[in-house]
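Before any comments, here is the structure.
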Amino acid sequence: MSEDKREKLKEFYFQIKECMECELGKTRTNFVFGSGNSSAEIVFIGEAPGRNEDLQGKPFVGQAGKILDELLLSIGFNRSDVFIANVLKCRPPENRDPKLEEINICKKYLLEQIEIIDPKIICTMGKYSTQLILNTDTAITKLRGKVFRVENRVVLPINHPAAALYTPSRLGILKEDFQRTKMILDDYENLGANAGLGDLADKGPAVSTEPDLQKSKNEQLGLFQ
Ligand code: URA
Numbered sequence: 005m006s007e008d009k010r011e012k013l014k015e016f017y018f019q020i021k022e023c024m025e026c027e028l029g030k031t032r033t034n035f036v037f038g039s040g041n042s043s044a045e046i047v048f049i050g051e052a053p054g055r056n057e058d059l060q061g062k063p064f065v066g067q068a069g070k071i072l073d074e075l076l077l078s079i080g081f082n083r084s085d086v087f088i089a090n091v092l093k094c095r096p097p098e099n100r101d102p103k104l105e106e107i108n109i110c111k112k113y114l115l116e117q118i119e120i121i122d123p124k125i126i127c128t129m130g131k132y133s134t135q136l137i138l139n140t141d142t143a144i145t146k147l148r149g150k151v152f153r154v155e156n157r158v159v160l161p162i163n164h165p166a167a168a169l170y171t172p173s174r175l176g177i178l179k180e181d182f183q184r185t186k187m188i189l190d191d192y193e194n195l196g197a198n199a200g201l202g203d204l205a206d207k208g209p210a211v212s213t214e215p216d217l218q219k220s221k222n223e224q225l226g227l228f229q
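Position in the sequence shown (first residue = 1) + 4 = our numbering.
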């Protein structure tokens with residue numbers, strides 16, 4: 005089963021890695037597919053590759069990545085326990101914000117990765133991934149720390165790790181959110197009707213608050229186990 009997911013993910017990577025559907029294809033050095041465990045129970049989603057990620061073809065390898073590693077370690081995880089991806093697979097020039105049209109083109113890749121990996125929990129880091137996965141334009145400040153359900157998965161919006169680069173006090177909040185994420189994963193089987201599911205029912209069909217949860221060919225081949 006896990007070998008099956010790995011094969012599917014690998015196949016999908018080779019299918020999409022030359023994507024030129026938006027203008028970012030022209031300026032990227034590498035297509036940043038994502039990395040980690042193809043059978044992960046948690047998928048973390050950031051925004052878009054930055055300079056280091058673009059150069060190395062891997063997500064979160066710069067400063068924000070160091071913080072992410074620290075946060076993962078704080079709950080006893082490392083990168084091979086989880087899968088990490090972004091809303092966009094290619095770096096926006098000068099690290100500008102993703103454009104809506106880019107997100108709309110690229111989201112099918114992320115959504116297919118999620119289908120293949122089939123995680124229990126999606127942890128959205130920052131505004132772009134949170135709004136995409138929850139299909140909402142509600143501000144991240146209103147969503148962070150709540151628990152949502154999208155189809156059969158739990159979605160936990162948290163701040164982007166880069167927030168702690170500019171405001172060190174935010175590291176504490178991130179650490180708390182990571183502790184909660186771990187607790188929810190551990191309790192997954194037991195989550196019941198009043199598990200704190202946020203109420204976004206009016207924000208579109210992707211979000212449900214239904215309560216009952218059941219539980220190289222190239223070097224990029226090394227990206228996922
Ligand atoms: N920030 C992101 O959102 N993603 C990365 O891969 C790196 C930094």
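Cβ atoms here follow ideal geometry from the backbone N, Cα and C, with glycine treated the same way.
Item                                                                                            : Value
Simplified DSSP assignment, three categories, for Leu149                                        : Here residue 149 turns out to be Gly, not Leu, going by the sequence shown. Note: Gly149 maps to coil in three-state DSSP.
Buried versus exposed, by CB contacts within 10 Å (16 or more), Leu28                           : buried
Gly80 beta carbon near the ligand URA (any heavy atom closer than 7 Å)                          : no
Any non-hydrogen atom of the ligand URA within 7 Å of Pro63 CB                                  : yes
Which of helix, strand or coil DSSP assigns to Gly50                                            : strand
Euclidean distance between Cα positions of Arg10 and Leu147                                     : 32 Å
Enclosing alpha helix (DSSP H) for Ile188 [first to last residue]                               : Arg174 to Asp190
Pair within 8 Å by beta-carbon distance, Glu57 and Arg95                                        : yes
Identity of the residues DSSP links to Phe87 by a beta bridge                                   : Gly40 and Val47
Ile125 beta carbon less than 8 Å from that of Leu189                                            : yes
The beta strand (DSSP E) enclosing Arg55, as first and last residue numbers                     : Per DSSP, Arg55 belongs to no beta strand (DSSP E); it is in the alpha helix (DSSP H), Arg55 to Gln60.
For Thr128, three-class secondary structure by DSSP                                             : strand
Asn90 CB to nearest heavy atom of the ligand URA below 7 Å                                      : yes
heavy atom of the ligand URA below 7 Å from Gly176 C-beta                                       : no
Touch test, the stretch 112-122 against the stretch 38-55, Cβ-Cβ under 8 Å, three pairs minimum : yes
Separation of Lys21 from Asn34, as counted between CA atoms                                     : 9 Å
Alpha carbon of Gln183 to alpha carbon of Lys14, nearest angstrom                               : 31 Å
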